[in-house]
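In this text, residue positions in the sequence shown follow our numbering: the first is 6, and each later residue adds one.
Where a beta carbon is used, it is the ideal one built from N, C-alpha and C, also for glycine.
Structure first, then comments.
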Amino acid sequence: MTSNRSAEDLPMIADCIVSAHGGNSLVTQWTNCTEIGLRNDIIDNKIVQAIFCLLYTSIFVLGLFGNILVCYVVGRNRAMHTVTNCFITNLALSDILLCALAVPFTPLYSFLGKSNLFIYLFQQLI
6 MTSNRSAEDL
16 PMIADCIVSA
26 HGGNSLVTQW
36 TNCTEIGLRN
46 DIIDNKIVQA
56 IFCLLYTSIF
66 VLGLFGNILV
76 CYVVGRNRAM
86 HTVTNCFITN
96 LALSDILLCA
106 LAVPFTPLYS
116 FLGKSNLFIY
126 LFQQLI
């Protein structure tokens, strides 16, 4: 899909690309731009981002705390060593891994866009 862009639109397009990539990336993708200018997504709203981060932080903390508590209770009480509780402990351990390895990256994915996430993380490592 092509569109006719005029020379007057070029500064707005350049600002869009620079702001979408933090100003220090050579990648010029249109992930956060419309045809001309910035997109108007609800996720770009700072209040929505704050609520999003608050909710994901509570999911992270409660998920870790609750599942570690399940593992602790089943591990400490001999009466709880049944096949069913072993299965529940296994599910709790997998949920701990999910909370630790997946939940923190969801807000990053949402705020930065899917193609920018790994570029951003790579830049932070360098």
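Backbone CA spacing between I73 and Q129 [nearest angstrom]
30 Å
Report buried or exposed for A84, applying the criterion of at least 16 other Cβ atoms within 10 angstroms of its Cβ.
exposed
Just tell me which of L69, P112, A55 has its CA closest to the CA of A105.
L69
Helix, strand or coil at T94 [DSSP, three-state]:
helix
Reduced DSSP secondary structure (H/G/I, E/B, other) of D49:
helix
Answer yes if the stretch 88-105 comes into contact with the stretch 51-70, meaning at least three C-beta pairs across the two stretches below 8 Å, and no otherwise.
yes
Taking only the alpha-carbon atoms, compute the straight-line gap between P109 and S115 and give it to the nearest angstrom.
11 Å
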